[in-house]
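Notes follow the structure.
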Amino acid sequence: MGRLSSLIELVERILAQEHDSFEIVVIEQTLAPDPSAWLRLEEVAGDARLRVLKHAPLGGPAARNVGVRAARGDLIVLIDDDDLPIESDWITSHESAYADPGLVGITGRQVRNVGESYPYSRFMRPFIRKRCMRYSFLKTAYTYAGFDEDVDGIEWLHGTNSSFRRGLVERAGLWDTTVETQDEHSFAFRLHEALLPGEYLAFRTTPVIVRRLDVPGGMDKRRARLESELASHLAFVFRIIGTYYPVRFRLGFPLYLMWVVGRTIAWVWDRDRPGATPTRRLVDSLKVPVLLPGAVLKEHGADYRAFRK
1 MGRLSSLIEL
11 VERILAQEHD
21 SFEIVVIEQT
31 LAPDPSAWLR
41 LEEVAGDARL
51 RVLKHAPLGG
61 PAARNVGVRA
71 ARGDLIVLID
81 DDDLPIESDW
91 ITSHESAYAD
101 PGLVGITGRQ
111 VRNVGESYPY
121 SRFMRPFIRK
131 RCMRYSFLKT
141 AYTYAGFDED
151 VDGIEWLHGT
161 NSSFRRGLVE
171 RAGLWDTTVE
181 TQDEHSFAFR
191 LHEALLPGEY
201 LAFRTTPVIV
211 RRLDVPGGMD
221 KRRARLESEL
231 ASHLAFVFRI
241 IGTYYPVRFR
251 LGFPLYLMWV
261 VGRTIAWVWD
271 RDRPGATPTR
281 RLVDSLKVPV
291 LLPGAVLKEH
301 GADYRAFRK
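If you read the sequence shown in this note's numbering, its first letter stands for residue 1, the second for the next number, and so on.
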């Protein structure tokens, strides 16, 4: 919301794709758009391949649900407005992956800069090859979307630069709207149940997109406050893990709280978090375990009391 200039740049990049048949469905949620930017979007929307659906703010999961329901093609490709395809054959790269009839969904590579090489420690390569876009025993996610090898048999699809066959989502259902972030995982848990024998998901190094870190992102997550980041991870474990894997959640409850603390501290030290000095990061890290009990009781008090019983 409020990022029409980056949206227009993305739309223009997609309209320039070398592909003979595609449509773009934009879910536009800006409350008070800049008049000049909105005029430019209306000009771009004159292209018959583009449909702009105006909505009050929906949030990420609900916006994806609206867009997927509105899409008319057999292959659905997702991209956020803070990302850009690098090549003019981005759509074709998604489509060509489905020459294998068993492949029903892919996640493409994400980089920070064009030409970026393998961004992780070389000692981590064997681990990443096994864990790319998969889950831990606790059903918390590994990502490694910058990996430079194709991987078959992944377990979840990222919310951007991913695609899937329409038939899969019709079987699995759509995104869970009870959380604002990490909503990909409820979708993935349903996908796992919907896969037929011989069907699989994959990570592919092409198609590739650039993640524009100077753009706030769909939920302004890069500028989130410490309290909201902590709350989002708690919402994930209570509302998603607790719903889809209730026994695991109950048995591993202390481990999930430890994960929430660790994941929030990792966000504190994320190099993509703007404007944070080392001192600020250290102070925030020390605050996380202090804030945790109050955040649990404030946002999930009823759930916690039910768990204690």
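Built from N, CA and C at the ideal position, the CB exists for glycine as well.
When DSSP states are grouped into helix, strand and coil, D183 belongs to the coil group. Secondary structure in the region 26–103: the alpha helix (DSSP H) runs of 4 residues or longer, each lying completely within the stretch, are 35–44, 60–70, 90–96 in chain order. Contact between G59 and E180 holds, with the beta-carbon distance rounding to 5 Å and staying under 8 Å. Less than 9 Å separates the beta-carbon of S93 from that of G108. Cβ-Cβ distances below 6 Å link E9 to nothing in the same chain once the five nearest sequence neighbours on each side are left out. Following the DSSP letters along the chain, one finds G153 inside the beta strand (DSSP E) bounded by residues 151–154. In the DSSP annotation of this structure, the continuous segment of the alpha helix (DSSP H) that includes V11 starts and ends at 4–15. The Cβ-Cβ distance between L174 and V68 falls below 9 Å. In the structure shown, G242 falls within a helical segment according to DSSP collapsed to helix, strand and coil. As a beta-bridge residue in DSSP terms, F164 pairs with I76, G105.
Between G262 and R40, the alpha-carbon positions lie close to 43 Å from each other.
When the Cα atoms are used, L138 and W156 turn out to be separated by approximately 15 Å.
DSSP, reduced to helix, strand and coil, places V111 within a strand of the structure shown. For the options T205, M124, A141, E229, the alpha carbon positioned closest to that of I86 is the one of T205. Excluding five sequence positions before and after Y118, the CB atoms of its chain that fall closer than 8 Å to its own CB belong to R125, G146, F147, D148, given in chain order.
Among the bridge pairs identified by DSSP, I128 is matched with none. Secondary structure note for Y256: its alpha helix (DSSP H) is the uninterrupted segment 253–268. Looking at the backbone, the Cα of D270 and that of S285 are separated by about 12 Å. Residue pairing for F203: DSSP places it in a beta bridge opposite T107, V151. Straight-line measurement puts the Cα of R122 at about 19 Å from the Cα of F203. Look at A141 here: in three-state DSSP terms it is strand.
Residue range 226–235 is occupied by the alpha helix (DSSP H) that includes L226. The alpha-carbon of V268 is positioned some 8 Å away from that of L226. Take the alpha-carbon of Y200 and the one of L103: they are about 5 Å apart. The secondary-structure analysis by DSSP pairs V283 with nothing; it has no beta-bridge partner. In the three-state reduction of the DSSP assignment, R122 falls in the helix class.
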